[in-house]
Structure formats: C-alpha cells, structure tokens
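Number of protein chains: 2
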Amino acid sequence: MDERVRDHARTLVEWSARIEPDDDVVVEVGEGAHDLGVAVAERLGETGANLLATYRSPEFQRAYLRASDGEFEPNPDYELALYERADSVLILKGSNNTAGSADVPGDVRQAHSKARREIREARLDTDWVSTQHPTRAMAQQAGMAYEAYQDFVYDATLRDWAALADEQATLKDILDDGETVRIRNEGTDLTLDIADRIAVNSAASVAYDSHNLPSGEVFTAPADTAGVVTFDVPMTIQGRRVRDVKLTFKDGVVVDFEADQGADVIAEVLETDGGSRRLGELGIGMNCGVDRVTDNILFDEKMGGTVHLALGRAYDACLPEGQTGNESAVHEDLITTMGEGSLLEVDGETVQADGQSV
Amino acid sequence: MDERVRDHARTLVEWSARIEPDDDVVVEVGEGAHDLGVAVAERLGETGANLLATYRSPEFQRAYLRASDGEFEPNPDYELALYERADSVLILKGSNNTAGSADVPGDVRQAHSKARREIREARLDTDWVSTQHPTRAMAQQAGMAYEAYQDFVYDATLRDWAALADEQATLKDILDDGETVRIRNEGTDLTLDIADRIAVNSAASVAYDSHNLPSGEVFTAPADTAGVVTFDVPMTIQGRRVRDVKLTFKDGVVVDFEADQGADVIAEVLETDGGSRRLGELGIGMNCGVDRVTDNILFDEKMGGTVHLALGRAYDACLPEGQTGNESAVHEDLITTMGEGSLLEVDGETVQADGQSV
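Chains as they are written, first to last, in the working numbering: chain A, 1 to 358; chain B, 359 to 716.
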C-alpha cells in the first residue's frame, strides 16, 4: 500500500474527525475507495473505535432510483436510527465513473432527496468528514494521468493543517465583524448581507467546524443577496456538465439564470424546494496545495484565489444561537475565479484584489 | 450484465426474502459482489422497499482486528439499532481473496465475535438471506475456471425451488416424527437425539425458515450426540484449510478430536465458548444442482448425498415453543459424504442407503 494512503487515513481519523475510543463510526466506502477504507479500518482498530462500513455506490443509486416509481417512504426508521446514534460519519469518496448516475431523472432524484431530509440532518449532526480517494475515474475527470492525480490529491490533503488554520483566522475575524460583502469580477457584481453570521475557519477538522478533507477555506452563510454573479469554473453537478452559469439575485432569491452548458441541471436544482433558489454559503478558497481545477468540488472550492457560492442549505455553524439559516434538500456549490481586476470587499474595505489578500 | 445476475437478484428478493413494499432492507455487499448488488438494488427499487447497503470486507475486518488491542465494546448501540429495526438482511458474499483475513489471531477474532452476540441475534431475527456472487477468487477456491464456476453457481441457484420444497417435505416429516438418528459411514458411527425437534424444509426461502440461496437441505437441531464422526469433505474455515476432521462425542460434548489438516482451527472453534463443543445442526443435503465440492459451505452442505453437522449455535426454527437450543457465538459446519455402504437411520429404519433415499 502507498504509504500516503495510510497518512491520509491517519489525517482523517486523528486531525479531521478526532475519533476517540468507543466512538461509533460509520465509514461510507466509495466504489473505488476500498484501499483507503482498509487504512481507515486499521486506524479505527488502533484507536479502539467501533466500525460499521456502508457502501456508497452511484450504480446502486441509479439502479434503485430508475426502477422505482418515484415515491419513497420518508426517512426509513432503521437508517435514521443508525445515524442518530453514530458519533462520526467518514465519507470516503472514490468513484469509478463520475457519470455513473447521470441518467436518473431529476424529479426522481429530488423526490428521493426530499424523502431523506431527517436522515441527512442526522448525518450532519455527527462529526462527519468527507474525503476523496484518488481513482482513475477522478483522474480522468481532472484530465490528468493517474500518478499525477495521486500526487495532486495528496499534495492538497497531506498539509500542515494547524499552520493553515492560523493563516485563515485573520479572514474569519474580518467576516465575523463585517456586515456586507461585495464581490466584483468579470460578469459579477454581487452584494451579500452577512451581518451577525459566523464565519468558519475551515481547516479540515471538526474541531474547526470543518467537514472536508482537504479543506482550506473560510465560509459563512449570507442572509440576503442582490446582483449578478458569473461562475467561470466548469463543474459536474449530478453527473452532468455545467459551464458559465450566471445567476441574478433580487431580495435573496434567484430571479433569472442562464448557462452556456447544463442549464437544465441548474433549473432542476433551483426547483427542488423553497430554499434551493437562495444561497446557503459564501466561501473563499485558501488552499495553495490545490493549484488547478480538477472538476471536483471538494478540491475546486478550496483553491486559493477563488470564491464559491452554494445554492441551498446553510451550515448551522454559520448561524448564531437562535437564528435559522436557509433550508433546502440541496447544497450545490458554484465557483468563480477571482482574476485580474477582481475585488472582494467587506463593508467597503478591500480584503482581496486580483484574488490575493491585500 | 449477464442476465443470470438479474435472475439471481429476482430469486433472492422475491422467492427467498419475500421483500414487500416499504420493507427496511440491509444489503451487505461483498468486495466482489458489486454487480449482484446493482441488480438487487434495481429489484428493491421496483418493489418499493428501502435500501441501505453495507460493505462486507474481509480486508477491512483484518486491518481492524489486527490493529486492535483485542478488547471490544459489546454490541455498539448504532449497529444494534440498525439491525433491530431492519426487516431483512441480504448478504451478498463474493470474496476477492478467500484467505483475506487468514492472519487474524484466533483469540482476537473470537473476542470480537463474542462482543457482537446481540448484533448477531438481531440479524438472525430478521428475514435474512445469504447468497453468493461468483467471483474469480471463489472459482479458484473451487479449482474451477471462471466461466465454468459461473455456470456451477447459477445451476445450483436458479432452480425450481417450489418443486424441491415438495420433494424435501417427505424427509422433513420423517425427522419430525423421529426420535433418534444414527449415521453409519466409513469412520463414522454417530447417534443423535432429535426427539421433539422440528426439521426445516430448507427451500431457499424465509417462507420455509430457510436463509440460504442456494439451499436444498433438510436440517434439525440435535439435543444430544454420542459416538464418532469423520468429515471427509475438505473445507476452509476462517480462511484456513481443514481436512479429515474426526470428532468424538460423549453426552453431547466433543471429548476428543483430530484432523489431518487444520487441527488448530478446530481447537479454536471448540474453545470459543460453552456451546461450541456441542452440535447445533444436523443437515441432509438434497440439491442435485450442486454436483461437486467447491470448498464453499453455502454449496457443499447442500450437495445431494451428503450429511453435515455444525458445531455451535442451533437455529430457533428447529426448536419447539419454550425449548432452548444450543447457544454459541459460532456455527461451523463440517460435511461427510455418504458413500457406498453408508446408512442414515431414523428410529432404526433406513432412510438413506449409499447416500440415496430408499
């Protein structure tokens, strides 16, 4: 086994999820993430935590959803009971075909997602962490050779997270104190109200309210949004390509949208429910180990010099006690590169220019 | 996809497990059983049942157990809650290396098994069914080419189960009415007390108290055992080879044993707990689709013309209301071929001679 797989497992279990003896841990193993799963199992055994492995398969999902009549029992009891009692969920992504569930009708997918809201909430209430094992399919999606992609993944993942957490603390303080963020970029002039919201110093650990490995971003939950934003980073959403999405917001709601590719996917996302036309997240990428777009949200949104916005659900960590954020069955991120001439302003002060901190 | 994989899934979900709409189904997917899992997911979607897929990996198990200190929290709450609420557990075996956990110390394996007694009971209380997807590793264990092994598996599995159930009913009636079974064979003269015990017409369906696909056997739970038995069918138990095991029973308990190979494994099994030195099962193979030994208990014990005995746990289905059977953390089957000159007698009457019904 590549020693970096063991390092990845150690970082996940120790730094990210902070697993302790007797913790009840669900390990969700992607179709191509078996090797990382073995390394995680080893680490959990050493820690004295409990292990239950579930299988994360887009091909299972596709077969199940396509064969169904589109109606689903809400939040099946047995699965809800599992996640309500679990301490941690370690999600080991690792697809063998990133388009493996591309032909599931959007309405069926959404009906299934809606029927699982309580299960999703129960999972989010655990110390969950999502990470990525490098597979050939992911390398292909990134347009990279397999070995080069492995290097990319481990460069982005096996970092000095404590040091990055210190760097990000400055930006968190600015956002915590700020009331209004304005993003100016080519095709973008967007104003977001973040008064009273709490920014998360996302340093790849549940100890920092951060649930992605790799991470390396500072994010918050806007309460209101107005203006226009263009996302130049191409993405794959629900197995389909999306490119150059442009959203127009008024009073926090998307009132108009267009896309050079994948407009139908965006339309499906927007129509999911009442919250899917509103933003749940504003995030600022800070991970310099992510040095290119690889068509994978886990990495792309962390790239230094980018900003991302998510349609749908807000994370509780961004909300002060007593406030509720945007609620939705979806959380779909879209990314814009902060290029030359771009500005990120908080309460009229420039925080980043040309994608660089000032 | 080989159409027989879909037929297998249909047989499993419809005939074997009798899955109904809204049933809470756990699908336990072996490392090499992905394709069968996809077909089962499709069938569950069509039925309108709920699907939760777990991952059955000897490599996970090995890594976890070898890294542990050998002490385990009893029956972790989250896993127990899952199985207590599940209606069915579909176990899709399909190993990529049948020796994948061969180097786990026996005492650690047993400590883990003991710590999971309630979880095991909860699983056995569901409409569980265990089946086998043909993998190259299983073909290798059988000493067969892959395609020939696939043919073997589907010939044994895709049968007219309703017709076999009728055939087996006669033998069930004899065992239900009988008090004493005597098995005479080369190296074997064993007497088993089966008075009041209930024989199961195991026709590969929970509707027949049968939890294996394929099945094709009639089995009961002996209350007492005396004499000697030799098992000539070579087997793999806990990843290790066992050959020509000879057990001597007195007052229901193994008082002496020997083996040409794997005596250490047998010793470990016998030392598991108070019930592992007693028999939990007497089974008579009736499946003519199983025409050879393939070193796989699921098939071998069903072979027409064989008898098998299991050390350890008795199945509740064999026990009349109010009686308790043998209890143990293990259930390890051993098989003897009823060759020329062999006799299977019930209350002094010959039921089979030379491995054939008379």
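Virtual Cβ for every residue (Gly too), placed ideally from N, Cα, C.
The continuous beta strand (DSSP E) containing Gln261 of chain A extends over residues 253-261. In the three-state reduction of the DSSP assignment, Thr191 of chain A falls in the strand class. Taking 9 Å as the Cβ-Cβ cut-off, the stretch 64-78 of chain A approaches chain B at Tyr64, Leu65, Arg66, Ala67, Ser68, Asp69, Glu71, Phe72, Glu73, Pro76, Asp77, Tyr78, given in chain order. When Cβ-Cβ separations below 9 Å define contact, Gly406 of chain B makes contact with chain A. Taking 3 residues as the minimum length, the beta strand (DSSP E) runs contained wholly in the stretch 191-249 of chain A are 200-202, 217-220, 224-231, 235-237, in order along the chain.
Annotation for Ile174 of chain A: Val346, Val351 place their beta carbon closer than 7 Å to its own, counting only its chain and skipping 5 residues before and after.
In terms of Cβ geometry, Gln168 of chain A and Ala207 of chain A do not form a close pair [threshold 9 Å].
For a Cβ distance threshold of 8 Å, residue set Ala421, Tyr422, Arg424, Ala425 of chain B lies close to Glu42 of chain A, ordered along the chain. By the C-beta criterion, the stretch 450-461 of chain B is judged not to be in contact with the stretch 61-74 of chain A, since fewer than 3 inter-stretch pairs fall below 8 Å. Under DSSP, Thr336 of chain A shares a beta bridge with A:Val307. Within the same chain, no Cβ atom closer than 6 Å to the Cβ of Ala425 of chain B is found once the five residues on either side in sequence are excluded. Counting every other CB atom within 10 Å of its CB across the protein chains shown gives Lys660 of chain B a total of 16 or more, marking it as buried. Legend: CB atoms of the stretch 666-687 of chain B lying less than 8 Å from CB atoms of chain A are not found in any residue. Rounded to the nearest angstrom, the gap between the Cα atoms of Glu258 of chain A and Tyr78 of chain A is 41 Å. Counting the other Cβ atoms within 10 Å of the Cβ of Lys93 of chain A gives 16 or more, which makes it buried.
CA-to-CA, the gap between Ala375 of chain B and Ala520 of chain B works out to about 14 Å.
The Cβ of Tyr154 of chain A sits no closer than 9 Å to any Cβ of chain B. The DSSP assignment places complete alpha helix (DSSP H) segments of no fewer than 4 residues inside the stretch 400-449 of chain B at 416-425, 435-443, in order along the chain.
The count of Cβ pairs closer than 8 Å, one atom from the stretch 481-500 of chain B and one from the stretch 616-632 of chain B, stays below three, leaving the stretches out of contact. Of the residues B:Met593, B:Leu669, B:Val558, B:Gly699, the one whose Cα lies closest to the Cα of Met644 of chain B is B:Val558.
With respect to Ile449 of chain B, Thr405 of chain B sits apart: the two C-beta atoms are not nearer than 9 Å. Taking a C-beta distance under 9 Å as the contact criterion, Gln596 of chain B and Glu629 of chain B do not qualify as a contact pair. Linking Gly574 of chain B to Val511 of chain B through their CA atoms gives a straight-line distance of about 14 Å.
DSSP places Val716 of chain B in the coil class of the three-state scheme, outside both helix and strand.
The contact set of Ala142 of chain A on chain B, defined by CB atoms closer than 9 Å, is empty, because the minimum CB distance reaches about 24 Å.
A buried status is given to Gln61 of chain A, since no fewer than 16 other beta-carbon atoms sit within 10 Å of its beta-carbon. The straight-line gap separating the alpha-carbon atoms of Gly585 of chain B and Thr515 of chain B is approximately 35 Å. Straight across, the Cα-Cα distance linking Val398 of chain B with Ala367 of chain B is about 5 Å. Beta-bridge partners assigned by DSSP to Val704 of chain B: B:Val539, B:Glu707. Separation of His308 of chain A and Arg159 of chain A (C-alpha to C-alpha, rounded to the nearest whole angstrom) is 22 Å. When the Cα atoms are used, Asp567 of chain B and Thr682 of chain B turn out to be separated by approximately 17 Å. Taking 9 Å as the CB threshold, Thr131 of chain A stays off the interface with chain B. Assignment of beta-bridge partners to Leu640 of chain B by DSSP yields B:Thr578, B:Leu667. The alpha carbon of Glu179 of chain A has as its nearest neighbour, out of A:Pro222, A:Ser205, A:Gly283, the alpha carbon of A:Pro222. Look at His8 of chain A: its C-beta is not under 9 Å from any C-beta on chain B. Interface with chain A (9 Å Cβ-Cβ cutoff): Arg443 of chain B is included.
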